[in-house]
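Protein chains: 2
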Amino acid sequence: DGRLGFPGGFVNSQKRTLEDGLNRELLTKLGEAASAFSVERTEYRNSHAEDTTHVVAHFYAKRLTLEQLEAVEAGAPKAKDHGLEVLGLVRVPLYTLRDGVGGLPAFLENSFIGAAREVLLEALRDLELVEPGSVLNFKRHSFRQPSLNSRT
Amino acid sequence: DGRLGFPGGFVNSQKRTLEDGLNRELLTKLGEAASAFSVERTEYRNSHAEDTTHVVAHFYAKRLTLEQLEAVEAGAPKAKDHGLEVLGLVRVPLYTLRDGVGGLPAFLENSFIGAAREVLLEALRDLELVEPGSVLNFKRHSFRQPSLNSRT
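Top line first, the protein sequences correspond to chains A and B. The opening position of the first sequence corresponds to residue 35 in our numbering, with each subsequent residue numbered one higher. The opening position of the second sequence corresponds to residue 35 in our numbering, with each subsequent residue numbered one higher.
Spelled out as structure tokens, the structure:
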């Protein structure tokens, strides 16, 4: 809907497991290349409850080979939801440019759906893809800085 | 670099035209599918000068058929700059959901490179893809609203 988020959806937990629901959702959102792998219980990372909606989002992170990632990117425009719920697929920059803003800091200034931003940060920290100190830094500065954003 | 922007670059105006430079840049950023069309002088929309860098950005908008757009999307992951300068390709939502936020308003809350946000809004208005009143509305609210963004 114009914000950044992760593929996911609701699961009837009496009928199927969370992982089964997630893997089906990945096919719809990312396309057929997602059938080359499946997300397993061991890849569960964290959960976030939303105060207002009483929704609990469970987050999984899957490590792909570069070939698998490229196959997903190549197939994504043919996914069922592409052009509808999904407007595109972007990689998360895991670097910070020398100006201290470009890269992950700038990426985190985008608008995210629900708890997607926090969920991402937590997973990046747990997977040790960013230094723990830098995550704290992003959290502290998660309010918007007018000097960066309010260009009129 | 984690922000949203348009494909483009610098042109040595003594050696080639702006349109020639742009069309070469589109090949690098969007991939070979961009060779199916070329952006012409008549598709020039507007120019924005940046105070600090003394760079003047000239913006062009090209109308594609759905087939051309889908070809660009399918070929984009094979573009030279994909995974480097370009982290992905997203469509701009030209609708507003019933909640008044989802769609274009939420999209415009993302972080943009340089004047990309203003350039986009101006072109959408000139091309009559959004109602003139709604653009004014986006401009007025272009400062960040803490209630929408500072989720910690």
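A virtual CB, placed ideally from N, CA and C, is assigned to each residue, including glycine. All of these numbers come straight from a predicted model, not from anything done at the bench.
Q: Compile a chain-ordered list of the residues in the region 135-159 of chain A whose CB is closer than 9 angstroms to at least one CB of chain B.
A: Hits within the stretch, in order: Val135, Gly136, Gly137, Leu138, Pro139, Ala140, Phe141, Leu142, Glu143, Asn144, Ser145, Phe146, Ile147, Gly148, Ala149, Arg151 and Glu152.
Q.
Tell me the DSSP secondary structure of Ala95/A in three-state form.
A. Look at Ala95/A here: in three-state DSSP terms it is coil, with no helix or strand label.
Q. Which chain A residues sit within Cβ distance under 9 angstroms of Pro127/B?
A. Scanning chain A for C-beta atoms nearer than 9 angstroms to the C-beta of Pro127/B yields Asp35, Gly36 and Leu121, reported in chain order.
Q: Determine the chain B residues that contact Ala108/A at a beta-carbon separation under 8 angstroms, and present them in chain order.
A: Per Cβ cutoff of 8 angstroms: Ala108, Pro111 and Lys112.
Q) Along the chain, where does the beta strand (DSSP E) that runs through Asn80/A open and close? A) Run containing Asn80/A: Tyr78 to Ala83, per the beta strand (DSSP E) assignment.
Q | CB-CB length for Ala140/A against Asp35/B, believed under 8 angstroms | A | That pair is a contact at about 6 angstroms.
Q: Report yes or no: do three or more beta-carbon pairs, one from the region 92-101 of chain A and one from the region 143-162 of chain A, lie closer than 8 angstroms?
A: With the cut-off at 8 angstroms, the region 92-101 of chain A and the region 143-162 of chain A touch.
Q: State the CB to CB distance for the pair Gly122/B and Arg97/A, rounded to an integer number of angstroms; the pair is presumed to be in contact (CB under 8 angstroms).
A: About 19 angstroms; that fails the 8 angstroms criterion.
Q | Close-in-space but distant-in-sequence residues of the same chain around Leu52/A (CB under 7 angstroms, 5 per side omitted) | A | Contacts found: Val45 and His92.
Q. Under a three-way DSSP split, which group does Gly167/A fall into?
A. When DSSP states are grouped into helix, strand and coil, Gly167/A belongs to the helix group.
Q) By DSSP, does Leu128/B sit in helix, in strand, or in coil? A) If DSSP states are grouped into helix, strand and coil, Leu128/B belongs with coil.
Q | Beta bridge counterpart(s) of Val90/A as assigned by DSSP | A | Answer is Ala83/A.
Q. From what residue to what residue does the alpha helix (DSSP H) around Glu119/B run?
A. Under the DSSP assignment, Glu119/B falls outside any alpha helix (DSSP H); it carries neither an H nor an E label.
Q: Determine the contact status of Ala108/B and Pro111/A, defining contact as a CB-CB distance below 7 angstroms.
A: It is a contact, given that the beta carbons lie within the stated cut-off.
(Q) DSSP three-state label for Gly136/A, please. (A) Coil, per DSSP.
Q. Any Cβ of chain E within less than 7 angstroms of the Cβ of Leu131/B?
A. Of the protein chains in the structure, A and B, none is chain E.
Q: Within the same chain, show all residues whose beta-carbon is closer than 8 angstroms to that of Glu162/A, passing over the 5 residues directly before and after it, in chain order.
A: Excluding positions up to five away in sequence, the list is empty.
(Q) Suppose you measure from the CA of Ala113/B to the CA of Thr62/B; what does that come to, to the nearest Å? (A) Approximately 6 angstroms between the Cα atoms of the pair.
**Q.** Short CB-CB distance (under 7 angstroms) between Val89/B and chain A
**A.** For Val89/B, the answer is no, since every Cβ of chain A falls outside 7 angstroms of its Cβ.
Q: With a threshold of 16 other CB atoms inside 10 Å of the CB of Pro166/A, please say whether the residue is buried or exposed.
A: Pro166/A is exposed by the Cβ-count criterion.
Q | Beta-carbon neighbours of Glu101/B, restricted to chain A and to distances below 7 angstroms | A | For Glu101/B, no chain A residue has a C-beta closer than 7 angstroms to its own C-beta; the minimum C-beta separation is roughly 12 angstroms.
Q. With a Cβ-Cβ cutoff of 7 angstroms, do Gly42/B and Glu59/B count as a contact?
A. Against a cut-off of 7 angstroms, the Cβ pair of Glu59/B and Gly42/B comes out as a contact.
Q | Beta-carbon neighbours of Val124/A, restricted to chain B and to distances below 7 angstroms | A | Within 7 angstroms Cβ-Cβ: Leu121, Gly122 and Val124.
(Q) What does the Cβ neighbour count give for Leu56/A, buried or exposed, with the cut at 16 atoms within 10 Å? (A) The residue in question, Leu56/A, is buried, as its Cβ has 16 or more Cβ neighbours within 10 Å.
Q: Assign Asn171/B to one of two classes, buried (16 or more other C-beta atoms within 10 Å of its C-beta) or exposed (fewer than that).
A: Counting Cβ neighbours within 10 Å, Asn171/B comes out exposed, since fewer than 16 surround it.
Q | Burial state of Leu138/B, where buried means 16 or more other Cβ atoms lie within 10 Å | A | Around the CB of Leu138/B, 16 or more other CB atoms lie within 10 Å, so the residue is classed as buried.
(Q) Determine, for Ser181/A, whether the minimum Cβ-Cβ distance to residues of chain B falls below 7 angstroms. (A) Low confidence applies here, because Ser181/A scores a pLDDT of 43, under 50, leaving its location unreliable and the question unanswered by this model.
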